[in-house]
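Written below as structure tokens is the structure these notes are about.
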Amino acid sequence: MRGSSVHPNKRMQHRGALPRIAQQCAIPATRTAMRRALKLHPDSLCFAPTHIEVHVARPRAGSLVLYYFVTAKISDLRIPSVIPGGHADELWRHTCFEAFICGSRGDGYYEFNFAPSTQWAAYRFSSYRSGMRVATEISAPRIEVQSGSESYTLQASLDLDRALSLPHDAVWHLGLSAVLEETSGRKSYWAFAHPPGKPDFHHSVCFAHEISAA
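Residues 2 to 215 in our numbering are what the sequence shown spells out, letter by letter.
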């Protein structure tokens with residue numbers, strides 16, 4: 002199964018209004034859904050984006066829907082063209098939206114990478130940056146994107162029924178983040194929270210949100 006994409010020509014709405022993808026799932030802040038802004042790492046320089054917001058929904062116990070909204074002069078960002086989705090490594094080296102999910106603090110975690118091209122990756126770690134493997138048990142996500150002159154949206158829908166370390170009846174701990182590459186080649190790093198030092202999305206500090214089963 003391959004990821005899918007939507008890249009309409011219709012221009013997205015500007016800041017202050019949700020784009021069409023978001024209107025499909027306008028998320029109030031509840032235990033099974035939330036909306037939250039990402040913070041720029043204090044050592045990052047970024048001249049293109051002005052705001053990144055994420056919306057998360059857990060419509061059923063074994064699934065997750067993630068929305069990433071970027072408000073910026075999009076022409077200043079390096080956004081790869083949409084291609085047929087498929088698994089690819091090292092997507093984080095360029096513009097990439099990420100999710101880190103664990104079911105408990107001591108039971109390992111998953112890392113997901115979603116590229117604007119609709120390529121994706123899923124990895125399983127047994128502990129902090131250790132025991133990494135490709136998470137072959139994860140089905141290909143459905144990825145949809147929309148782009149306008151001042152806004153960009155990526156939606157990723159995950160089926161996590163076969164993720165054994167994410168119990169369906171448990172609270173999941175989430176760390177959502179983004180790497181944005183400008184046309185100059187400069188990169189900036191965004192997350193819910195940042196530990197001291199260089200950007201590190203794997204750090205427990207970044208798992209700053211909990212979401213309950215539906």
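We put the beta carbon where it would ideally sit given N, CA and C, even for glycine.
Beta-carbon gap between A100 and E138 smaller than 8 Å: Here residue 100 corresponds to residue number 99 of the sequence shown, with the count starting at 1. Here residue 138 corresponds to residue number 137 of the sequence shown, with the count starting at 1. Against a cut-off of 8 Å, the Cβ pair of E138 and A100 comes out as no contact.
V172 - DSSP class collapsed to helix/strand/coil: Indexing the sequence shown from 1 puts residue 172 at position 171. Of the three classes helix, strand and coil, the one that applies to V172 here is coil, per DSSP.
Option nearest Y68 by Cα separation, candidates T154, R187, T184 and I80: In the sequence shown, residue 68 corresponds to position 67, counting from 1. Out of T154, R187, T184 and I80, T154 has the C-alpha closest to the C-alpha of Y68.
Residue(s) in a DSSP beta bridge with S131: The residue labelled residue 131 in the question sits at position 130 within the sequence shown. According to DSSP, which records beta bridges pairwise, S131 is partnered with S128.
Length of the line joining the Cα atoms of K40 and I53: As a first step, residue 40 must be located in the sequence shown, where it is residue number 39. As a first step, residue 53 must be located in the sequence shown, where it is residue number 52. So the two alpha carbons sit approximately 8 Å from each other.
contact_flag[the segment 184-197, the segment 128-144] where n(CB pairs < 8 Å) is 3 or more: No, the segment 184-197 does not touch the segment 128-144.
Nearest to F113 (by Cα), restricted to the options L161, S105, H195 and A214: One-based indexing of the sequence shown puts residue 113 at position 112. The option with the nearest alpha carbon to F113 is L161.
Close-in-space but distant-in-sequence residues of the same chain around A123 (CB under 6 Å, 5 per side omitted): As a working mapping, residue 123 is identified with position 122 in the sequence shown. Only F113, A136 and I139 meet the Cβ criterion.
For K199 and S64, the rounded distance between their alpha carbons: Taking the first residue of the sequence shown as position 1, residue 64 is located at position 63. Taking the first residue of the sequence shown as position 1, residue 199 is located at position 198. Their backbone Cα atoms lie some 31 Å apart in a straight line.
Span of the beta strand (DSSP E) around A194: Taking the sequence shown and counting its residues from 1, one reaches residue 194 at position 193. First-last for A194: undefined, no H or E at that position.
Burial state of A89, where buried means 16 or more other Cβ atoms lie within 10 Å: As a working note, residue 89 is residue 88 in the sequence shown. Exposed: under 16 other Cβ atoms inside 10 Å.
Under the three-state DSSP convention, the category V55 falls into: Position 54 of the sequence shown, counting from 1, holds the residue named residue 55. Looking at V55 - three-state DSSP - the assignment turns out to be strand.
For D242, the three-state DSSP class (helix, strand or coil): The question about residue 242 has no answer here: the residues shown for the chain are numbered 2 through 215.
DSSP three-state assignment for D160, whether helix, strand or coil: Residue mapping note: residue 160 aligns to position 159 of the sequence shown, counting from 1. Strand at D160.
Sequence-distant residues of its chain with Cβ nearer than 7 Å to L92 (five each side left out): Locating residue 92 in the sequence shown gives position 91, where the first residue counts as 1. Contacts found: N114, A116, Q120 and A122.
Continuous beta strand (DSSP E) stretch holding V66: start and end: Stepping through the sequence shown from its first residue, residue 66 is reached at position 65. Per DSSP, V66 belongs to the beta strand (DSSP E) from S64 to A73.
Through-space distance from Q156 to L177, alpha-carbon basis: By 1-based counting over the sequence shown, the position of residue 177 is 176. By 1-based counting over the sequence shown, the position of residue 156 is 155. Computed Cα separation, rounded: 13 Å.
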